[in-house]
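Undergrad: The following block contains the structure, expressed as structure tokens.
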């Protein structure tokens with residue numbers, strides 16, 4: 070693992086530690102690299118909407134966490150500006166979802182990421198695009214590495 | 070209240086009854102009319118992300134519920150296709166949010182809605198746009214009115 | 070007209086003067102205020118796509134010009150990051166369109182604008198949302214006012 | 070070339086023949102397959118905005134044409150509902166752009182496509198996402214193949 074990926078993992082470990090809502094969702098980190106993240110979660114009964122399928126907020130939240138873990142992991146605190154999600158297939162309790170965030174653009178002040186969500190059979194169930202603003206602040210001190 | 074608004078309220082009452090995730094969020098319905106909804110929620114500590122501010126999935130979920138309550142309430146089962154949200158201000162535990170959904174387009178097969186989220190001081194904290202596909206199926210039987 | 074609106078009009082006059090593509094489209098400025106713009110155009114035969122209706126790029130371009138005239142007019146050079154457009158009704162040659170840009174958020178580094186496009190009968194044909202990044206550079210010198 | 074790709078090419082040939090605005094842009098078709106398209110264009114001086122860079126409506130229009138050529142080419146007339154575009158790099162006169170449309174979702178009533186635009190040096194300059202509604206109407210008669 071190169072130094073940038075070591076930093077990326079340290080930053081995300083710090084983020085996860087304090088992320089109450091990602092904990093409620095049961096998010097598990099699979100892989101972190103510079104500008105990249107891959108995470109997973111399982112769908113529970115308490116996540117359904119009035120139609121018995123998963124509330125749209127759940128896949129959005131999963132993708133938004135993957136986005137945050139990818140766009141912040143150079144230790145440059147970044148906040149979401151604009152995000153969009155397209156729903157391609159219904160998600161049900163018991164499904165296991167993986168979200169993978171890839172960096173499309175890494176600018177000085179902004180970044181753009183695409184997150185794809187696939188289910189346990191490999192089908193793409195949603196696609197998310199996020200744009201962030203980079204504040205220039207650090208998330209962790211270098212000494213904490 | 071005219072007949073369409075009576076139907077709208079019956080449909081949303083049915084939706085809310087079965088919506089486990091909206092219940093977890095603590096969503097309260099303020100007003101329902103044909104093609105329109107207004108709902109509220111309070112932000113709790115367990116909804117924050119790794120930065121101590123609210124996880125982006127929470128305002129998205131609130132807006133997505135308002136969207137669902139507005140776009141389904143003619144008793145024509147509608148599913149979200151595309152949604153986007155722009156974040157304008159950070160949200161903190163203790164904040165009280167109101168989401169108001171307005172219908173921009175009511176087509177035979179599709180609909181477009183804009184949801185604005187304001188906080189307890191009247192500041193707009195997020196803006197959501199959603200497009201749905203209308204399936205033509207009913208959510209409740211006429212007899213259930 | 071207050072000083073900010075005078076500046077807004079000067080900035081947009083400067084932008085229009087050099088905007089070759091807005092000229093090709095035949096865009097006419099109706100009203101400019103601080104953070105606001107209203108412009109119009111007429112649809113010509115050369116703007117249609119393979120279905121005989123207007124190419125989606127035309128209403129997008131009209132909205133994008135209204136966005137630019139609104140988000141730059143405090144004389145703070147701003148560039149588009151993310152934009153989305155929802156199409157509600159088909160547009161035909163001979164139609165006359167008005168685009169009105171309103172400011173949803175005016176941050177130090179970013180701004181968010183909603184542009185609605187209506188046709189000659191007052192129907193809303195499209196809705197556009199744009200997020201810009203503010204560079205801090207000027208478009209015109211104060212002396213040019 | 071299989072039968073579906075033969076049909077795809079026939080449909081797009083028919084679309085291009087009548088697409089006045091794509092002609093004005095100078096769009097050239099590079100490759101068409103079922104649910105896929107790749108097209109190119111060159112940027113001219115008359116396509117710039119008031120800042121001397123390309124008007125955002127131009128890359129949008131290029132992507133929108135690629136979207137239309139991909140989502141219609143099963144001979145199922147489809148109309149754009151929602152589109153979004155993220156701008157990653159400025160585009161200048163003289164640049165040569167390629168847009169490639171890939172199918173993310175091919176539903177009975179809707180489809181989702183991602184279009185990436187790259188310049189002559191291989192840099193990604195914009196990313197577009199489009200959702201369409203499928204009308205079930207044909208664009209060309211089978212006899213015309």
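Chains as they are written, first to last, in this note's numbering: chain Z, 70 to 214; chain B, 70 to 214; chain W, 70 to 214; chain R, 70 to 214.
Don't be surprised by glycine CBs; every beta carbon is placed ideally from N, CA and C.
(1) Could one say the Cβ of residue 152 of chain B lies closer than 7 Å to chain Z's Cβ atoms, at least one of them?
(2) If contact is defined by three or more beta carbon pairs under 8 Å, each pair taking one atom from either stretch, is the segment 78-95 of chain Z in contact with the segment 133-153 of chain Z?
(3) So, at 6 Å on beta carbons, what are the nonlocal neighbours of residue 136 of chain W in its own chain, with the 5 sequence-adjacent residues on each side left out?
(4) So, does the CB of residue 89 of chain W fall closer than 7 Å to a CB anywhere in chain B?
(5) Between the alpha carbons of residue 139 of chain B and residue 121 of chain B, how many angstroms are there, rounded?
(6) So for residue 180 of chain W, helix, strand or coil by DSSP?
(7) Quick one: is residue 165 of chain B buried, meaning 16 or more other Cβ sit within 10 Å of its Cβ, or exposed?
(8) How long is the line joining the alpha carbons of residue 118 of chain W and residue 147 of chain W, rounded to whole angstroms?
(9) Express the C-alpha separation of residue 204 of chain W and residue 180 of chain R in angstroms, rounding to a whole number.
(10) What does the alpha-carbon distance come out to for the pair residue 197 of chain W and residue 152 of chain W?
(11) For residue 132 of chain W, count neighbouring C-beta atoms within 10 Å of its own C-beta (all shown protein chains included) and say buried if the count is 16 or more, exposed if not.
(12) Using alpha carbons as the reference points, say which of B:113, B:106, B:126 lies closest to residue 91 of chain Z.
(13) Can you name the residues that DSSP bridges to residue 85 of chain Z?
(14) Per DSSP, which one or two residues make a beta bridge with residue 204 of chain W?
(15) Ignore the nearest five residues each way along the sequence and tell me which others in residue 214 of chain B's own chain have a CB closer than 6 Å to its CB.
(16) Flag residue 202 of chain W as yes if its beta-carbon sits less than 7 Å from any beta-carbon of chain Z, otherwise no.
(17) Anything in the segment 168-202 of chain Z with a Cβ closer than 7 Å to a Cβ of chain W? List those residues in chain order, please.
(18) Taking the Cβ atom as the reference point for each residue, do residue 157 of chain W and residue 174 of chain B lie within a distance shorter than 7 Å?
(19) Answer yes or no: does any C-beta atom of chain Z fall closer than 7 Å to that of residue 119 of chain B?
(20) According to the neighbour-count rule (16 or more other Cβ atoms, all chains shown, within 10 Å of its Cβ), is residue 163 of chain R buried or exposed?
(21) Helix, strand or coil for residue 120 of chain W? Go by DSSP, reduced to three states.
(22) Roughly how many angstroms separate the alpha carbons of residue 98 of chain Z and residue 103 of chain W, rounded to a whole number?
(23) For residue 128 of chain R and residue 111 of chain W, I'd like the C-alpha separation in whole angstroms.
(24) What are the residues in the segment 123-137 of chain B lying within 9 Å of chain Z by C-beta distance?
(25) So which residues of chain W does residue 157 of chain B contact, with C-beta pairs closer than 8 Å?
(26) I'd like to confirm the pairing. Which residues does DSSP put opposite residue 167 of chain B in its beta bridges?
(27) Does DSSP put residue 195 of chain B in a helix, a strand or coil?
(28) Quick check on DSSP: helix, strand or coil for residue 114 of chain Z?
(29) Residues in the same chain with beta-carbon distance under 7 Å from residue 159 of chain B, minus the five sequence neighbours each way, listed in chain order, please.
(30) If the cut is a Cβ gap below 8 Å, which residues of chain Z does residue 77 of chain B touch?
(31) Could you work out which residue in W:94, W:114, W:101, W:209 is closest to residue 70 of chain W when comparing CA atoms only?
(32) Between the C-alpha atoms of residue 188 of chain B and residue 89 of chain Z, what's the straight-line distance to the nearest angstrom?
(33) Excluding sequence positions up to five away, which residues of its chain have a Cβ less than 6 Å from the Cβ of residue 167 of chain R?
(34) Using the Cβ count rule (16 or more neighbours within 10 Å means buried), how would you classify residue 194 of chain R?
(35) Using C-beta distances below 7 Å, list every residue in its chain close to residue 202 of chain Z, excluding the 5 sequence neighbours before and after it, in chain order.
TA: Well, looking at it:
(1) yes
(2) yes
(3) 170, 182, 184, 199
(4) no
(5) 31 Å
(6) strand
(7) exposed
(8) 31 Å
(9) 37 Å
(10) 7 Å
(11) buried
(12) B:126
(13) DSSP, once it has assigned bridges, lists no residue as partnering residue 85 of chain Z.
(14) Answer is none; residue 204 of chain W lacks a bridge partner.
(15) In this prediction, residue 214 of chain B scores a pLDDT of 48, lower than 50, which makes its location untrustworthy; the coordinate-derived value is nonetheless stated afterwards. Only 79 meet the Cβ criterion.
(16) yes
(17) 178, 179, 200, 202
(18) yes
(19) yes
(20) exposed
(21) coil
(22) 46 Å
(23) 21 Å
(24) 123, 124, 125, 126, 127, 129, 130, 131, 132, 133, 134, 136, 137
(25) 173, 174, 176, 181
(26) B:109, B:187
(27) strand
(28) helix
(29) 122
(30) None at all; the shortest Cβ gap to chain Z is about 14 Å.
(31) W:101
(32) 21 Å
(33) 109, 187
(34) buried
(35) 147, 148, 150, 178, 179
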